[in-house]
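To keep things clear, I will list the structure first and then write my remarks on it.
Residue numbers (our numbering), protein chains in the order written: chain A, 271 to 487; chain B, 6 to 504.
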């Protein structure tokens with residue numbers, strides 16, 4: 271019986287297998303890098319209607335986070351400040367600065383400044399700011415060094431894996447409550463501190479949920 | 006068999022008694038009837054795929070495609086709208102989808118039993134039905150897989166069923182029997198495909214060689230332009246899938262070894278797959294589900310329904326292709342007897358469930374079974390009982406087994422009954438659980454109905470494609486069980502000769 275296929279066909283199956291393995295590896299690596307929140311969300315820095323600098327207000331002037339985000343330690347939601355909060359200073363400081371024209375217009379008309387929201391978890395995620403900041407989880411853990419940002423960008427992936435990393439090992443992220451709003455606080459690494467942090471988790475009854483319904487209520 | 010007194014160890018008294026009694030000779034029916042030769046077998050099986058496509062095939066295919074489109078439409082509507090288009094609502098969140106899944110997955114079991122268990126038990130009669138039964142298994146697994154896959158609702162997250170690393174940093178719940186199901190069914194599907202395909206390689210080689218031979222002879226005058234082109238297509242198609250099969254001795258040696266290894270691998274699957282499917286129910290705490298009888302009862306039911314389906318498929322095929330010499334009355338008898346055996350086990354399990362409900366003295370369990378027999382779904386229970394317990398008992402009678410049309414009708418009853426069994430188990434227990442305040446009544450929606458009946462179309466499309474393009478029976482193995490294959494047979498097939 272004559273051969274149906276020429277001799278070179280003998281190596282085709284192995285080549286096909288090698289090609290499939292290579293393509294699959296490339297797809298897996300590509301998806302892992304380009305399709306996860308570490309890539310898709312980190313770095314998002316939309317242009318805001320007003321060029322508000324956190325580096326100036328929070329960093330240089332050392333205004334406490336809670337001066338503007340007033341309900342962060344009292345509410346599940348951390349509010350974006352109203353124009354009135356801005357005007358509490360800017361009715362006196364730089365009150366004629368052209369950069370603040372939008373803020374003044376807003377104050378007069380009553381229409382809020384259309385700030386662009388950057389950090390947003392999906393609707394099916396229940397996140398409570400107050401329980402985190404009141405139990406020693408600093409703003410910096412999820413938002414990064416806001417006090418060094420001229421323009422705020424999305425610094426952490428805020429993926430479910432990111433949340434669970436801390437929920438599974440809270441002692442590695444917890445800090446003294448008085449240091450929560452000190453974004454530049456350096457975490458000591460000695461054994462005594464480690465024991466102290468574990469003590470916080472125990473004493474404050476920090477029991478971060480890992481069940482589905484903990485966050486997906 | 007009667008022997009003369011001279012060459013038997015019988016005493017004269019015994020011989021005298023024997024000659025008086027005249028015991029009937031036990032005739033073993035040959036597995037290939039009418040003294041056919043090897044060449045006839047090859048031609049018979051190969052010509053099914055080589056001759057012009059019969060008209061009935063086109064008619065059936067058109068009908069099957071139309072029916073299959075119901076599933077397509079039902080699923081498209083479900084994906085675009087949400088899983089609420091099925092009649093699922095508290096407390097019955099497992100409706101037809103799970104019923105249909107268990108129904109289809111159960112049907113597959115006959116294929117694995119025939120190809121693996123009967124192979125290891127050296128049951129020669131498996132050869133002419135095993136290929137089609139394996140194909141049935143694979144297509145049934147495909148139909149079964151549709152339901153849990155779409156039952157997850159957001160089909161694009163179905164990959165979460167598999168333990169893959171992900172940005173959510175979570176794994177599937179390995180303690181859930183539903184997760185075991187994923188592995189059980191995917192293993193089952195994979196091994197079944199391997200077994201089916203590997204067994205087919207020698208026959209694909211035969212089909213390839215026959216196409217090459219015809220092209221070499223080139224006798225295409227008078228036939229339509231398509232005939233030659235089809236042979237060219239066949240040559241390459243079968244050559245690719247025959248993977249260089251040359252019918253050589255070492256090929257056959259490796260083939261037999263691989264076949265045995267796969268048979269060994271598949272044998273535990275016959276038991277494990279439906280055992281794990283039964284765990285979906287048995288591991289739950291619900292009365293009517295939480296019973297240890299479930300695994301054996303499910304496996305018996307699966308084989309029962311599977312052989313029902315094999316009969317449903319093989320009897321029409323035997324009739325249209327005139328395969329009466331290959332699928333003989335002996336084959337049908339054996340399949341009917343397996344239905345009788347497994348059907349009786351299932352009937353025993355039904356009765357035993359009631360006994361245990363009474364004997365266990367658990368009021369919830371007792372209620373669950375009284376509710377099955379006399380509650381809001383009792384009509385389904387009677388349907389199930391009539392089809393599954395009474396129908397197979399008719400197979401005690403030779404006259405019934407010899408009436409192919411009647412056997413076929415009864416095989417349909419078995420299929421219907423086994424579907425109702427899954428309905429009864431799934432729905433009655435969920436509808437009336439511990440808390441009367443949460444009781445409900447489940448009715449399927451039109452989308453449920455369309456999606457389910459469409460899967461018969463999906464199955465038929467696949468099976469018709471199989472019948473048309475792939476060898477229906479393992480040619481080599483059919484020859485192996487023929488009298489001519491016995492080297493001591495010589496020209497005579499007469500039994501009782503001393504060699």
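Just so it is clear, CB atoms sit at the ideal spot from N, CA and C, and this is done for glycine as well. All figures in this text were calculated on a predicted structure; none of them were measured in a lab.
- Secondary structure of residue 366 (chain B) (DSSP, three-state): coil.
- A Cβ-Cβ contact shorter than 7 Å links residue 343 (chain A) with residue 404 (chain A).
- DSSP, read as helix, strand or coil, puts residue 375 (chain B) in helix.
- Close CB contacts of residue 270 (chain B) within its chain, under the 7 Å cut and outside five residues either way in sequence, are with 196 (chain order).
- Separation of the CB atoms of residue 69 (chain B) and residue 462 (chain B) is rounded to 5 Å, and the pair is thereby assigned contact status at 8 Å.
- Chain order gives the chain A residues near residue 241 (chain B) as 274 and 275, where near means a beta carbon separation below 9 Å.
- Residue 98 (chain B) is outside the set of residues whose beta carbon lies under 7 Å from a beta carbon in chain A.
- With respect to residue 452 (chain B), residue 89 (chain B) sits apart: the two C-beta atoms are not nearer than 7 Å.
- If you draw a 10 Å sphere on the C-beta of residue 289 (chain A), you find fewer than 16 other C-beta atoms in it, and that means exposed.
- Annotation: Cβ neighbours of residue 174 (chain B) in chain A (cutoff 9 Å, chain order): 429, 430, 431, 432, 433, 434, 435 and 438.
- The DSSP-derived three-state label of residue 321 (chain A) is coil.
- No Cβ-Cβ contact shorter than 7 Å links residue 282 (chain B) with residue 104 (chain B).
- Contact with chain B is absent for residue 392 (chain A), since none of that chain's Cβ atoms lies less than 7 Å from the residue's Cβ.
- The alpha-carbon separation between residue 33 (chain B) and residue 130 (chain B) amounts to approximately 12 Å.
- Annotation: Cβ neighbours of residue 213 (chain B) in chain A (cutoff 7 Å, chain order): 274.
- By the C-beta density criterion, residue 248 (chain B) is exposed, having fewer than 16 other C-beta atoms within 10 angstroms.
- Judged by beta-carbon spacing, residue 156 (chain B) lies beyond the 7 Å limit of residue 94 (chain B), meaning their Cβ atoms are not closer than that value.
- With 16 or more other Cβ atoms inside 10 Å of its own Cβ, residue 453 (chain A) counts as buried.
- Exclusion of the five residues before and after residue 468 (chain A) leaves 441 as the residues of its chain whose Cβ lies within less than 7 Å of its Cβ.
- Apart from the 5 residues on each side of it in sequence, residue 437 (chain B) sits with its Cβ closer than 6 Å to the Cβ of 376 and 444 in its chain, given in chain order.
- Counting the other CB atoms within 10 Å of its CB gives residue 42 (chain B) a total below 16, which places it among the exposed residues.
- DSSP places residue 346 (chain A) in the coil class of the three-state scheme, outside both helix and strand.
- Cβ-Cβ distances below 6 Å link residue 431 (chain B) to 99, 103 and 104 in the same chain, with the five nearest sequence neighbours on each side left out; the list follows chain order.
- Counting only residues of its own chain and dropping the five nearest sequence neighbours on each side, residue 62 (chain B) has a CB closer than 8 Å to the CB of 469, 472 and 473.
- When the beta-carbon positions are compared, residue 346 (chain A) and residue 419 (chain A) stay at least 7 Å from each other.
- Partner residues in the beta bridge of residue 97 (chain B), as assigned by DSSP, are B:94.
- By the Cβ neighbour-count rule, residue 250 (chain B) is buried, with 16 or more other Cβ atoms within 10 Å of its own.
- Comparing alpha-carbon positions, the option among B:439, B:480, B:296 and B:343 lying closest to residue 368 (chain B) turns out to be B:439.
- Rounded to whole angstroms, the separation of the alpha carbons of residue 442 (chain B) and residue 359 (chain B) is 25 Å.
- Note that the C-beta distance between residue 416 (chain B) and residue 316 (chain B) is below 7 Å.
- When C-beta atoms of the segment 322 to 340 of chain B are compared with those of the segment 284 to 300 of chain B, fewer than three pairs fall below 8 Å, so the two segments do not count as touching.
- Straight through space, the alpha carbons of residue 243 (chain B) and residue 128 (chain B) are spaced by roughly 29 Å.
- Burial of residue 72 (chain B) is indicated by the presence of at least 16 other C-beta atoms within 10 angstroms of its C-beta.
- For residue 356 (chain A), the uninterrupted alpha helix (DSSP H) segment begins and ends at 353 to 360.
- Per DSSP, the unbroken alpha helix (DSSP H) holding residue 301 (chain B) starts and ends at 299 to 326.
- For residue 83 (chain B), the uninterrupted alpha helix (DSSP H) run begins and ends at 60 to 86, by DSSP.
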